[in-house]
Amino acid sequence: VCTIAKRNIKAGEKVKGIGSADIYGRIYTYKEASQLKAVPLGIAENGIALAGMPKGTLITEGNFKPDSTTFIYKLRKEQDNLLK
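Printed below as a string of structure tokens:
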């Protein structure tokens, strides 16, 4: 499940998590999500927008920096490395 901006998000803004007014999830295939470098919904909480994003924008590694200190982020990176 990939992360989508639920509202306009400004560059530098910290994004709240699932259930907030900031983001929602949309299903993409693994292949699509990988090609688009989409940020998984589960690791988006407390991340920082690197660029302004209009409502409906797919949140990607290019426009968003997840909070890399969380346990779930570290687990996701381990999973990604196993799939390479």
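Under my numbering, the first residue of the sequence shown is numbered -14, with each subsequent residue one higher.
The beta carbon of each residue, even a glycine, is placed where N, CA and C say it ideally should be.
Only a predicted model underlies this, so the values are computations on that prediction, with no experimental measurement involved.
- Item | Expected contact under 8 Å - CB spacing of Ile12 and Ala29 to nearest Å | For Ile12 against Ala29, the beta-carbon gap comes to about 15 Å, at or over 8 Å, which does not count as contact.
- Query: Tell me, which residues are paired with Tyr9 by DSSP?
  - Reply: Looking at the DSSP assignment, Tyr9 forms a beta bridge with Ile(-11).
- Quick one: what's got a C-beta closer than 6 Å to Asn(-7)'s C-beta in the same chain, skipping five residues either side? Pro39, Lys40.
- Query: Taking buried to mean at least 16 other C-beta atoms within 10 Å of its own C-beta, is Thr14 buried or exposed?
  - Reply: Burial is judged here by how many other beta carbons sit within 10 angstroms of a residue's own beta carbon; Thr14 has fewer than 16 and is exposed.
- What do you get for Phe54, buried or exposed, if any count of 16 or more other CB atoms within 10 angstroms of its CB means buried? Here residue 54 is Thr; the residue named in the question, Phe, does not match the sequence. Under a 10 Å Cβ-count criterion, Thr54 is classified as exposed, with fewer than 16 other Cβ atoms of the shown protein chains found around its own Cβ.
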